[in-house]
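**Student:** Starting off with a structure, shown below.
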Amino acid sequence: RCYKINTEAKTWKEAYQICTAEGSYLAVLNSEKEMKYLTRKFSDIYNDKIYGNFFKNVMLIGFHDLLHEGEYRTIFGEKLEEAGFENWCHGQPDNDKNDQHCGGMLRDGTLDDVSCDKQFIFACEREIKSPVKSINSTTQ
């Protein structure tokens, strides 16, 4: 898989649309290994590349409970445990102010429910296609 962390903060819907337009999707965590990789990348850019007036300890990823309150699913419709990773930050999800329905990952790799209308950085994910075979060409 290939990942791109976008450091220009967007809302969850905007992030979803940007990832889709780039031929990818908001990152979905399928394992602890994948979470650790994204956490490392998040930490790598944290001090040097994240600027702006927004909460910088959250990165939007591909899950939400927009269809059924409290039932968090990936953008592909899987429950988080079915997708392979569900490790909430202590006390989360809490749906603070009845306004947190979109998915975020904190810098420590734990999950958090966040407001869909607030802006955060976000991670896109793309499947890597099998390598292209080279074609020998000749010119005369």
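When we follow our numbering, the leftmost residue of the sequence shown carries the number 67, and every step to the right adds one. Built from N, CA and C at the ideal position, the CB exists for glycine as well. Here the structure is a predicted model, which is why all the values come from computation and not from measurement.
(1) Can you give me the Cβ contacts of lysine 195 inside the same chain, cut-off strictly under 7 Å, excluding the 5 residues immediately before and after it?
(2) When the Cα atoms are used, what is the spatial distance from glutamine 185 to tryptophan 78?
(3) From what residue to what residue does the alpha helix (DSSP H) around alanine 149 run?
(4) Report all residues from its chain with a CB closer than 8 Å to the CB of asparagine 153; omit the five preceding and five following residues, and keep chain order.
(5) Pull the bridge partners of glycine 143 from the DSSP assignment, please.
**Tutor:** With the structure as the only source:
(1) none
(2) 7 Å
(3) 146 to 149
(4) Glu98, Met101, Gly175, Thr176, Leu177
(5) Bridge partners of glycine 143: none, in fact.
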